[in-house]
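First the structure, in the form of structure tokens, and then the observations on it.
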Amino acid sequence: MKLILRILLSALAVVILSKVLPHVFVDSYTTAIIVAVVISLLNFIVKPILVLLTLPVTILTLGLFLLVINAVIILLADNLIDGFTVDGILWAILFSLLLSFLQSILFSLLKEDEKS
157 MKLILRILLS ALAVVILSKV LPHVFVDSYT TAIIVAVVIS LLNFIVKPIL VLLTLPVTIL
217 TLGLFLLVIN AVIILLADNL IDGFTVDGIL WAILFSLLLS FLQSILFSLL KEDEKS
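In short: position in the sequence shown from 1, add 156, done, that's our numbering.
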């Protein structure tokens, strides 16, 4: 149940960001749910491999290269999903930063609900 709520909150964050950012487009709520699932799977499967392969560059940039890796994950999701579009790597970096920020806020609200 907790996993489903987290995916729905991530989909909500994707929809909110698609309304706020001009170069990010999601055509439906169903697509937003698919985007949330695909990004979660890519973060689980592909991201550790990319982090391992780019470890020297990540160390040299003091971890800032992880922003590029997050943008690559977003652009991969863009290529895999038809109704989801992100125009360029800079918008993907901004989208990934804001998505992480919004998810942390929404997930913290979920944790506060559990305590009550």
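Where is the CB? At the ideal position from N, CA and C, for every residue including glycine.
What are the boundary residues of the beta strand (DSSP E) that T241 is part of? Locating residue 241 in the sequence shown gives position 85, counting from the first residue. Note, T241: beta strand (DSSP E), F240 to V242.
Alpha carbon to alpha carbon, how far is I172 from T210? For the purposes of this step, residue 172 is taken as the residue at position 16 of the sequence shown. For the purposes of this step, residue 210 is taken as the residue at position 54 of the sequence shown. Cα to Cα, I172 sits roughly 31 Å from T210.
Using the Cα positions of V273 and M157, report the straight-line distance between them to the nearest angstrom. In this structure the chain extends from 157 to 272, so residue 273 is not present and cannot be described.
Report the residue from L266, S260, L262 and W247 whose alpha carbon sits nearest the alpha carbon of V176. Numbered from its first residue, the sequence shown carries residue 176 at position 20. If you compare the alpha carbons of L266, S260, L262 and W247 with that of V176, the shortest gap goes to W247.
Under the assumption that I163 contacts S196 (Cβ atoms under 8 Å), give the Cβ distance between them as a whole number of angstroms. Numbered from 1 along the sequence shown, position 7 holds the residue referred to as residue 163. Numbered from 1 along the sequence shown, position 40 holds the residue referred to as residue 196. That belief holds up - the Cβ atoms of I163 and S196 are roughly 7 Å apart, short of 8 Å.
What first and last residue would you give for the alpha helix (DSSP H) that runs through L236? The sequence position of residue 236 within the sequence shown is 80, counting from 1. Its alpha helix (DSSP H) spans residues F221 to L236.
Indicate whether the contact test is met: 3 or more Cβ pairs, each with one atom in the segment 231-242 and one in the segment 186-200, closer than 8 Å. yes
Less than 8 Å separating the beta-carbons of L236 and V170? As a first step, residue 236 is located in the sequence shown; it is residue number 80 there, counting from the start. As a first step, residue 170 is located in the sequence shown; it is residue number 14 there, counting from the start. No, Cβ-Cβ distance for L236 and V170 is not below 8 Å.
Pick from L168, H179 and N199 that is closest to P186, judged by C-alpha positions: Here residue 186 corresponds to residue number 30 of the sequence shown, with the count starting at 1. The residue asked about is misnamed: residue 186 is Thr in this sequence, not Pro. Nearest of L168, H179 and N199 to T186, Cα basis: L168.
Can you name, in chain order, every residue of its own chain whose Cβ lies under 6 Å from the Cβ of L258, other than the five neighbours on each side? Translated into the one-based positions of the sequence shown, residue 258 becomes position 102. Excluding positions up to five away in sequence, the list reads A169.
For F251, does the count of other Cβ atoms within 10 angstroms reach 16, so buried, or fall short, so exposed? Your numbering for residue 251 matches position 95 in the sequence shown. With 16 or more Cβ atoms within 10 Å of its Cβ, F251 is classed as buried.
Can you tell me the Cβ-Cβ gap for L232 and V202, rounded? I've got them flagged as a contact below 8 Å. Within the sequence shown, the letter at position 76 stands for residue 232. Within the sequence shown, the letter at position 46 stands for residue 202. Between L232 and V202 a beta carbon distance of about 7 Å is seen, short of the 8 Å cut, so the two are scored as contacting.
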